[in-house]
Each structure stands twice: as structure tokens, then as C-alpha cells.
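Everything on this sheet refers to the single structure shown next.
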Amino acid sequence: MLKTITRLQGDSVMVELPSNNGIMLEPDQEYIVVYTQDGTIILVPANEAPFLEMGTAKVAIQKTSI
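Anchor point for the sequence shown: position 23 equals 512 in this note's numbering, and the numbering is continuous, going up by one each time.
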């Protein structure tokens, strides 16, 4: 299990994402951020889901949590 911590940078809270067996995120990639009620944060690459809206994300999250 990978762990990370949050840190304050200016007015933003930053989360550093560690590499996983050499798999790393590309720098300067844009993501859609979804916050769930249980505190889970989901990052979706923006170029892979151009029509994703918050309402759609909530429905997808509810379906996967059943």
C-alpha cells in the first residue's frame, strides 16, 4: 500500500503521489477531481473523459460502491 501526506503550498493543499513500481504520472497532465462523501479523492485524466460532469461522476461512484 502506498501512502502520502498532504502539505500546504500557498492557498492550496498539495498531495504528492509516489511512483508505483516505476509507474508515474506525467507532469502537467490535467485531471478532473472528484471528492466523495467518505473522503475519497478520485483523479480522472481530463483527456480520457471530456464529457464527465459532477453529476455523472456521482452516479458512477454510487454504482461502484454498491
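Quick reminder that beta carbons are idealized off the backbone N, C-alpha and C, glycines included.
Worksheet entry | Beta bridge counterpart(s) of I494 as assigned by DSSP | None, per the DSSP bridge assignment.
Worksheet item: CB-CB under 7 Å to T466, same chain, minus the five flanking residues each way: which ones, in chain order?
Response: The first residue shown for the chain is 490 and the last is 555, placing residue 466 beyond what the model contains.
Discussion item. Mapping the DSSP letters down to three states, classify N510 as helix, strand or coil.
Written reply: Residue state, collapsed to three classes: coil.
Worksheet entry | Host beta strand (DSSP E) of P534 (start-end) | First-last of the beta strand (DSSP E) with P534: I530 to P534.
Practice prompt. Pull up the CB-CB distance for K507 and L491, whole angstroms please, since I reckon it's below 8 Å.
Written response: Note on residue identity: the sequence assigns Pro, not Lys, to residue 507. Between P507 and L491 the beta-carbon gap is near 5 Å, inside 8 Å, which marks them as a contact.
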